[in-house]
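Enquirer: The structure's right below; bear with me while I get my questions together.
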Amino acid sequence: SAVISQKPSRDICQRGTSLTIQCQVDSQVTMMFWYRQQPGQSLTLIATANQGSEATYESGFVIDKFPISRPNLTFSTLTVSNMSPEDSSIYLCSVYGLAGGMVQETQYFGPGTRLLVL
Amino acid sequence: RKEVEQDPGPFNVPEGATVAFNCTYSNSASQSFFWYRQDCRKEPKLLMSVYSSGNEDGRFTAQLNRASQYISLLIRDSKLSDSATYLCAIPGGGGYALNFGKGTSLLVTP
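What follows is the structure, given as structure tokens:
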């Protein structure tokens, strides 16, 4: 499986500010996703990060609030913009499909970024 | 009907017991199913994949019932270290992203 890292691992932010979360994979992967897990809840898909093009957002999530970049097959960022306390959550990136001929049928998750907005 | 539903529990069982939980899904066309384990304050980690009728890995058995649209996870000879939240996941409409259930909490006690 791929090794996935996220930065920062946690942060405490003031409302109205923005935070960019990075996701780095040690192998080229076909697909990268961003999920949110609010306290006591399950994972909710925010968007699919598309390499070299705009991300595909799920219902309820918009680019202005959660801009996403994916400049190559191993890296993606998620920005949480103009934060409010309701954005306090764990943000996880996940990957699917190792490129280069190694097919990975399932998703693996990064360690997550714990965000608290005051 | 929600896409993926799980009994949140918690399931409290003694060490050595056998415990099973179910996950129901709404999309009858689903072809693959996953059980993830999530420890407190950690990311989900893949436990088992199910592509046909079921899968077995040591003390863990996953079974698929397509007619009733549910998958089950059976844990035999429970260990203290099995205490965690077990998440059921099924690919969503886009094909690769996963829809997760809310998870079932398991606490194995001495």
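In order, the protein sequence lines correspond to chains Y and U. The opening position of the first sequence corresponds to residue 1 in the working numbering, with each subsequent residue numbered one higher. The opening position of the second sequence corresponds to residue 119 in the working numbering, with each subsequent residue numbered one higher. The C-beta atom is built at its ideal place from N, Cα and C for all residues, glycine as well. What you are looking at is a predicted structure, and each value in this text was computed from that prediction instead of being measured.
1) Quick one: residues in its chain with C-beta nearer than 8 Å to the C-beta of Thr136/U, no 5 flanking neighbours on either side, listed in chain order?
2) Taking C-beta pairs closer than 9 Å, name the residues in chain U that Leu115/Y reaches, listed in chain order.
3) Between Gln149/U, Ser146/U, Pro128/U, which lies nearest to Ala138/U when the distance is taken from Cα to Cα?
4) Is any heavy atom of the ligand PLP found at a distance shorter than 8 Å from the C-beta of Gly40/Y?
5) Looking at chain Y, is there any beta carbon in it that lies within less than 9 Å of the beta carbon of Glu121/U?
6) For Lys160/U, would you say it is in contact with chain Y, using Cβ-to-Cβ distances shorter than 9 Å as the test?
7) Rounding to the nearest angstrom, what Cα-Cα distance links Ser27/Y and Ser146/U in this structure?
8) Is there a Cβ of chain U sitting closer than 9 Å to that of Gly52/Y, yes or no?
9) Spatial neighbours of Pro67/Y within its chain, please: C-beta separation below 6 Å, excluding the five flanking residues on both sides.
10) Hey, how far is the Cα of Gly257/U from the Cα of Arg36/Y?
Expert: Looking at the atomic coordinates:
1) Leu192, Ile193, Arg194, Asp195, Ser196
2) Neighbours of Leu115/Y on chain U: none; closest Cβ ~13 Å, over 9 Å.
3) Pro128/U
4) Looking for the ligand PLP in the displayed structure turns up nothing, as the structure carries no ligands at all.
5) no
6) yes
7) 34 Å
8) no
9) Thr79
10) Only positions 119 to 228 of chain U appear in the structure, and residue 257/U is not among them; the question remains open.
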